[in-house]
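Notes to accompany the following structure.
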Amino acid sequence: MLFQPRPITPVMIRVVPPPTEDVSVVNILVDALGLVGLITIGALVTGLVFAVVLIRYKQWRERVAPDSADTGTRLDLSTHSERARDTSTRSE
């Protein structure tokens, strides 16, 4: 009995993570508005780039072939009084 080893008792160590930051409604709203702002700015930049490309293409096309600039469809959007006058002169 004198030389009996003592029983080993394990020591448990628990590592506790640091506390996280509290998320409030204000934080969520600020993040959401920031995302909407980024999407809006991206859409504006994309629209401006597209508009510049279209305008430059039209200017280039008119410079290359100036006679073919009037190839659109005529919509005949004259006012009602002008159309009435035109039809009255046609019927005579």
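According to my numbering, the sequence shown is numbered sequentially starting from 3. Each residue gets a CB set at the ideal place from its N, CA and C atoms; glycine is no exception.
Unbroken alpha helix (DSSP H) run spanning residue i, endpoints
i	result
E64	27-66
Heavy atom of the ligand PLP within 6 Å of residue i beta-carbon
i	result
P20	Ligands displayed in this structure: none; no statement on the ligand PLP is therefore possible.
Neighbourhood of residue i by C-beta distance below 6 Å, restricted to the same chain and skipping five residues each side
i	result
D32	Reading the sequence as shown, one finds Val at residue 32 and not Asp. Result list for V32: empty, nothing under 6 Å.
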